[in-house]
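Numbering (our numbering), first residue to last: 5 to 261.
Cβ atoms here follow ideal geometry from the backbone N, Cα and C, with glycine treated the same way.
One structure is given here, and the rest of the page talks about it.
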Amino acid sequence: MPELPEVETLCRQLRTVIVGRDILSLQVIDRKLGHLPPLSGRGVRSVDRHGKRMVWMLSDGQCLIFQLRMTGRLFWLEGEELPAHARLVFSFPDGRLVLSDPRRFATVELCSPPAASTVADGLEPLEPKRLADAARGRRLPVKSFLMDQRVVAGIGNIYASEILHKAGIDPLRPVCGLGPAEWKRIASAAARILVEAVDSRGTSISDWRDLHADRGEYQHRLRVYGRKGERCGKCRGEIRRIVIAGRSTFYCPTCQK
DNA sequence: TCCCATGTTGCTAA
DNA sequence: GTTAGCAACATGGG
């Protein structure tokens, strides 16, 4: 799925086109998404994000929560033609918004406003101490820890590798063995990378596209992800690919300790 | 044909 | 209680 920077990009772009507008209708194309009412006449009050989850506040007090998972995309359309794999279509006065999702893992839920999350979002300043506290007594690899959405919301497989490379930490290190200085490096690397990725409108590694079907730019700035066998830009070591918890992980064994 | 894929959940077993 | 491993979801690309 889109990770935090990709979902944030969509939120920013969506605000300019749907906040303050009324939904004319909602058409569910893929029944796997479950039952959703047409929502006709309900306005979109706000578009927000927590981690990888997008939340629309509607004028009747209900919320729509989107989880795009692996291949969910949102596209703003002004013409007639629907993109491939269209699963859901919102009609607005000025255009249509479509959920396109080849693998059909995305979910959309209509519900009451959720309670405020106690989990820090990745774009909030990350307290190194908070990470260290959450890690106390746990032995799992630091990469899995960073991807745990109950620890920090929004970091996925690409940015976890990038953050640990910037911080100079071996992704396999058990979290309970990391010291305060290392948590500080991880927290500042995470903040830097996520902000830069948002500024780049995300990473178009394979087929990620933003609301207007444009590519992001962060794929040009990846230092380790997808670069197995290449030389590390920091120390010229050889970048390796390993598997942690079933997910590809890229790192430089020379400068990540 | 096989392997891989930006995610999440749920099960099993150590 | 924690963690790893695996399958499931479903599809497309190399």
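### Query
Do V51 and V23 have their CB atoms nearer than 8 Å?
In the first sequence, counting from the first residue as 1, residue 51 sits at position 47. In the first sequence, counting from the first residue as 1, residue 23 sits at position 19. It is a contact, given that the beta carbons lie within the stated cut-off.
### Task
Please work out which residues of its chain come closer than 8 Å, Cβ to Cβ, to L92, disregarding the five sequence neighbours upstream and downstream, and give them in chain order.
To locate residue 92, count along the first sequence from 1; it is residue 88. The residues are L30, Q31, V32, I33, D34, L37, L40, V102, L103, V112.
### Task
Say whether the region 219-229 touches the region 202-210, bearing in mind that this needs 3 or more beta-carbon pairs closer than 8 Å, one atom from each stretch.
yes
### Query
Near T75, what residues of its chain come up, given a Cβ to Cβ distance below 6 Å and the 5 sequence neighbours on each side ignored?
The count along the first sequence starts at 1 and reaches residue 75 at position 71. Excluding residues within five positions, the ones whose Cβ falls inside 6 Å are D105, P106, R107.
### Under 8 Å between C-beta atoms of G241 and P257
The count along the first sequence starts at 1 and reaches residue 241 at position 237. The count along the first sequence starts at 1 and reaches residue 257 at position 253. Note that the C-beta distance between G241 and P257 is below 8 Å.
### Task
In the DSSP assignment, find the beta strand (DSSP E) that holds H54 and state where it starts and stops.
On the first sequence, position 50 is the one that residue 54 refers to. Start and end: 48-54.
### Beta-carbon spacing of I167, A194 below 8 Å
Taking the first sequence and counting its residues from 1, one reaches residue 167 at position 163. Taking the first sequence and counting its residues from 1, one reaches residue 194 at position 190. It is a contact, given that the beta carbons lie within the stated cut-off.
### Query
If you pair each beta-carbon of the region 185-192 with each one of the region 132-145, do three or more pairs fall below 8 Å?
Contact holds: three or more Cβ-Cβ distances are below 8 Å.
### Task
Using a threshold of 8 Å, state whether the C-beta atoms of K170 and R196 are closer than that.
Mapped onto the first sequence, residue 170 falls at position 166. Mapped onto the first sequence, residue 196 falls at position 192. Yes.
### Task
Pick helix, strand or coil for M151, following the three-state DSSP scheme.
Position 147 of the first sequence, counting from 1, holds the residue named residue 151. Helix.
#### Entry: Inter-residue CB distance, L78 and R100 (contact presumed, cutoff 8 Å)
Numbered from 1 along the first sequence, position 74 holds the residue referred to as residue 78. Numbered from 1 along the first sequence, position 96 holds the residue referred to as residue 100. Going by Cβ atoms, the distance from L78 to R100 rounds to 11 Å, so no, they are not a contact pair.
### Task
Leaving out five residues on either side along the sequence, give the residues of the same chain with a beta carbon under 6 Å from the beta carbon of A201.
Taking the first sequence and counting its residues from 1, one reaches residue 201 at position 197. Contacts found: P9, Y222.
### Backbone secondary structure at T111 - three-state DSSP
Within the first sequence, the letter at position 107 stands for residue 111. Strand.
### Query
Is DSSP giving P184 helix, strand or coil here?
For the purposes of this step, residue 184 is identified with residue 180 of the first sequence, where counting begins at 1. Three-state result, P184: helix.
### Task
Mind checking which residues open and close the beta strand (DSSP E) that includes Y222?
For the purposes of this step, residue 222 is taken as residue 218 along the first sequence, with counting starting at 1. Here Y222 belongs to no beta strand (DSSP E), and DSSP marks it neither H nor E.
### Query
Given S95, which residues of its chain have a CB within under 6 Å of its CB, disregarding the five upstream and five downstream residues?
Taking the first residue of the first sequence as 1, we reach residue 95 at position 91. Correct list, in chain order: L28, S29.
#### Entry: Same chain, Cβ closer than 6 Å to T13, neighbours up to 5 away in sequence not counted
Along the first sequence, read from residue 1 onward, the residue named residue 13 stands at position 9. Closer than 6 Å at Cβ, skipping near neighbours: R205, G206, D214.
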